[in-house]
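Here the working numbering = 1-based position in the sequence shown + 129.
The structure appears right after this line, and notes come after that.
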Amino acid sequence: MQYLMAIDAGTGSVRAVIFDTKGNQISVAQKEWIHLEVEAVPKSMTFDVDKNWDLAVWCIKTALEKAGLKGSDILAVSATSMREGIVVYDKEGEAIWGVANVDARADKEVRFLKEQYEGIEEAFYVESGQTFALGALPRLLWLKNHEPELYIKVASVSMIGDWILAKLSGVIATDPSNGGTTGIFSLKERNWSPAMAEKVGIKSDIFPPVLETGSVMGNVTEEAAKETGLSTQTQVVMGGCKTCS
């Protein structure tokens with residue numbers, strides 16, 4: 130028999146769940162993670178990509194162990210995550226900065242956008258369905274204003290569930306349900322809206338491919354297989370935002 134694995138990156142914890150192909154839950158492993166406020170950055174909640182990947186790896190290995198399965202028994206793996214948490218990557222595809230969905234450091238940027246561009250939030254909401262509060266756009270503007278050397282390195286952006294899939298497959302991409310939570314997205318076109326970023330002075334060439342949920346992204350890489358115990362024959366499948374359906 131073959132099995133499927135889902136990785137859920139929630140606000141307070143990450144878990145790996147194994148199902149059989151009939152939908153029966155076989156095992157689950159869960160670890161709490163904590164998003165810490167950065168010193169001198171009020172209302173910040175960072176997403177530690179290194180530490181949190183270690184926790185995700187533990188969940189994957191432990192779920193396999195509990196189920197008495199090998200990585201080769203897992204036909205496919207996918208991931209879902211908290212809405213509005215983001216990760217940015219450099220040109221090599223390495224994650225260099227992330228924030229949890231509860232990060233509210235960009236309140237001044239939100240206020241600036243509303244005051245500088247009259248009616249912009251309402252106009253962007255019509256297109257994206259997302260307000261500025263907790264959206265990616267003001268957070269990227271915060272990064273540009275406060276961490277310019279880091280901002281210069283930003284080559285791509287995705288949501289946290291997408292980051293897990295990128296770690297597994299080596300492919301940075303998103304789906305419409307996750308992309309739509311950034312506020313830089315056209316719900317009608319089901320694709321990014323770079324013009325929204327351009328309007329407020331944010332990079333407009335950092336948006337990865339958009340794949341529909343259920344699309345096969347590739348297989349688990351050799352590096353990820355060594356880390357997690359999954360097989361390079363395991364397919365990595367695009368997931369979605371768990372609170373957007």
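Every residue gets a Cβ at the ideal spot worked out from N, C-alpha and C, and that includes glycine.
All values derive from a computational prediction rather than experimental measurement.
Asked                                                                                                                                                                             : Found
Cα separation between A192 and S156?                                                                                                                                              : 6 Å
Tell me whether I289 counts as near the ligand ATP, meaning its Cβ is closer than 7 Å to at least one heavy atom of that ligand.                                                  : Absence of the ligand ATP is noted for the structure shown, with no ligands found whatsoever.
Cα-Cα, which of S210, H164, V339 is closest to E318?                                                                                                                              : V339
Roughly how many whole angstroms lie between the Cα atoms of K195 and V228?                                                                                                       : 31 Å
For K355, which of V178, G200, A145 has the nearest alpha-carbon?                                                                                                                 : G200
Could you name each continuous beta strand (DSSP E) segment of 3 residues or more that falls completely within the segment 175-253, going from the start of the chain to the end? : 203-210, 215-218, 224-228
Measure the Cβ-Cβ separation of K332 and A324 and say whether it is below 8 Å.                                                                                                    : no
Excluding the 5 residues preceding and the 5 following V82 in the sequence, name in chain order all residues of the same chain whose CB lies nearer than 8 Å to its CB.           : This structure leaves residue 82 out entirely; the chain is present only between 130 and 374.
For T150, which residues from the same chain have a beta carbon less than 8 Å from its beta carbon, with the 5 sequence-adjacent residues on both sides left out?                 : M130, Q131, Y132, L133, L204
Just curious, the alpha helix (DSSP H) that R268 is in, first and last residue?                                                                                                   : 265-275
Can you tell me whether N181 is buried or exposed? The criterion is at least 16 other CB atoms within 10 Å of its CB, across all chains shown.                                    : buried
DSSP state of S374, grouped into three classes?                                                                                                                                   : Model confidence at S374 stands at a pLDDT of 46, short of 50, so the residue's coordinates are unreliable and nothing is read from them.
Using a 10 Å radius around the Cβ and a threshold of 16 neighbouring Cβ atoms, would you call G141 buried or exposed?                                                             : exposed
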